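If you count by the working numbering, then the sequence shown holds residues 2 to 398, one letter each, in order. Glycine is no exception: its CB is placed at the ideal position from the N, C-alpha and C atoms. Predicted model only: the values in this text are computed from it and were never measured. Written out below as structure tokens is the structure these notes cover.
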Amino acid sequence: MVMVNFADSSQDTSAEAVAGLDSIYFGAADSLASYYKEVTSGQAVFRALDPSRPVLGPVTLPMSAACDTSRIKKETIKALSAQGVDTTKADHISAVFPNGKAQCGFGGLGEVSGSFSWMPAGFSQTALVHEIGHNLGYSHHERVRCSPGSVTACQTDGTSGKTPMGSGGTTAGLTAPELLHQAWLDPRETVQATRSVHITLRPLYPAGPGIRTVRIPVTGGKDELVVEYRQPTGALDTDKTVQGVLIHRVRDGRYGSSALVHASPDDTGALAPGTVFSSTDDKLAIRVLSATKTAAELEIKRDGDPAPPRPANPAPTPQASATPDAGAEDAAALGARQPYPGSPPARSGSPAAAKPEADLADTGFHSGTRNAIVISGAALIAAGAALTYTLGRRRRT
Ligand SMILES: [Zn+2]
């Protein structure tokens, strides 16, 4: 990350302010790094490009204060290059700027499937995690309300509240589709339900043995419902409104832009024990048989067929609780460590041929380490490869 000033407007560049930025990006707690470390069980590592100088700058951009995000990006990259910083080695560049005169109307801005983020000084951890989430290819996580028995006749109704990408703040983990988008779930941790089956879902966090999510093909296989079970784990999912059995709709394999399917009479949207969610078109019914702190038992019925009976003595270990059918099907469908349908392609693919979102979102990530510094600029926007989302000041995510 880099502190930038304008020719006529500066931010606090005291040692205390620098330490604060170091802490919110890379600190052991309440930081960008700590959040992604926890939700990925250590797979995602955010570190400074130059750990001996985690906060670059301050650099003074040759421009008066203005919310000209393209120019801020361009001038920031130029200034860093002039200081000998090889910005091409960074997966993310995050520019912190004084907003008093610039008057940007956002709490943070990030390229969607890109590398640049703009953070007005004084931003929150939630804003930072959210904007870097955009860089990773996540859209805002919305909630949809569907007509009874349908997963297609739906209307968007605000954000889900289940992830930092949907106004959930940083006490909420990422959703299972968001983890799938970055291949942060091991294929052994997910099963595909193409026929009637009983499933024991363990809570989504932390990583470990057991089934963390069920993927249910719908609309003739074009789309999926991704079911997860959220329970408080460490610092994650501590808010009751995040918890329970959640159903997300994924269209055309785009895991980065799924939506919560509201499945309860109350405002949580979670499917409560004893209740059923159904899709008439898909001849699908999902029933939550029970839910405890450690597991949710689901019965998934396809084509009206009864699910095979559960074992008389269900094994206590989650990994043994999925039916053999589901496990075998999943192994066959996914192969060992194969990408999920719609997940970012391997980086060996031609960048020119890859979709911009997939290519940019995936760059450099699975090596386990991301170099985070900050630059600002407009290249991606100018190229049309990235949308930008604003983070409203009033809605803090
Ligand atoms: Zn946003």
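For Glu179, the uninterrupted alpha helix (DSSP H) run begins and ends at 177 to 182, by DSSP. Note that the region 184 to 194 does not touch the region 266 to 279; fewer than 3 beta-carbon pairs, one per stretch, sit closer than 8 Å. In terms of CA proximity to Glu112, Leu129 leads the group Phe278, Leu129, Ala103. Contact between Val251 and Glu229 does not hold, since the beta-carbon distance rounds to 12 Å and is not under 8 Å.
Across the set Gly235, His249, Arg231, the C-alpha of Arg231 shows the shortest separation from the C-alpha of Lys241.
Here Gln12 is near Ala122, since their CB atoms are less than 7 Å apart. Take the alpha-carbon of Asp282 and the one of Gly150: they are about 8 Å apart.
Counting other Cβ atoms within 10 Å of its Cβ, Arg203 reaches 16 or more and is therefore classed as buried. Bridge pairing for Glu300: His199, Arg288 [DSSP].
Between Ser116 and His93, the C-beta gap is smaller than 7 Å, which places the two residues in contact. Taking all protein chains in view, the Cβ of Ala66 is crowded by 16 or more other Cβ atoms within 10 Å, so the residue is classified as buried. Sequence-distant partners of Ile248 (beyond 5 residues in either direction) whose C-beta falls short of 8 Å from its own C-beta, in its chain, are Leu226, Val227, Val228, Leu261, Val262, Ala264, Leu272, Phe278, Ile287. With contacts defined as CB atoms closer than 7 Å, Val219 and Val152 qualify as a contacting pair. A Cβ-Cβ separation of about 7 Å places Glu179 in contact with Tyr256 under the 8 Å criterion. Remark: C-beta atoms of Gln104 and Cys68 approach each other more closely than 7 Å.
Only residues of its own chain outside the window of five on either side were considered, and among them Ala194, Val198, Ile287 have a CB closer than 6 Å to the CB of Ile301, listed in chain order.
Boundaries for Val219: no alpha helix (DSSP H) harbours it, while the beta strand (DSSP E) harbouring it runs 214 to 219, taken from the DSSP string. Distances from the CA of Leu181 to each of Pro165, Leu62, Ser291, Gly138 were compared; the closest alpha carbon is that of Gly138.
Taking C-beta atoms under 8 Å as the contact rule, Gly58 and Val145 fail to qualify, at a distance of about 42 Å. Put simply, the backbone Cα of Ser10 is about 18 Å away from that of Phe107.
Judged by DSSP in its simplified three-state form, Tyr139 adopts coil rather than helix or strand. Between the alpha carbons of Asp23 and Pro207 lies a gap of roughly 26 Å. Taken through DSSP and simplified to helix, strand or coil, Met64 comes out as coil. Here the alpha carbon of Pro52 sits roughly 18 Å from the alpha carbon of Gly43. With respect to the 7 Å criterion, Met120 and Val97 are classified as neighbours on the basis of their beta carbons.
Annotation for Val246: the continuous beta strand (DSSP E) segment containing it runs 245 to 252. In the same chain as Thr234, and ignoring 5 residues on each side of it, the C-beta atoms closer than 7 Å to its own belong to Pro204, Tyr206, Pro207, in chain order. Between Glu298 and Leu285, the C-beta spacing is not below 7 Å.
Straight-line spacing of the CA atoms in Val5 and Leu62 works out to 7 Å.
For Phe27, the enclosing alpha helix (DSSP H) starts and ends at 16 to 27. In this structure Ser258 is not in contact with Ser95, their Cβ atoms being roughly 22 Å apart against a cut-off of 8 Å. In summary, Lys102 is exposed, with fewer than 16 beta-carbon neighbours lying within 10 Å of its beta-carbon over all protein chains present. Check the Cα spacing between Thr176 and each of Gly209, Thr157, Pro188, Arg213: the tightest is with Arg213. Excluding residues up to 5 positions away in sequence, Asn6, Phe7, Ser10, Ser11, Gln12, Ala66, Pro121, Ala122 lie with their Cβ nearer than 8 Å to the Cβ of Pro99 in the same chain.
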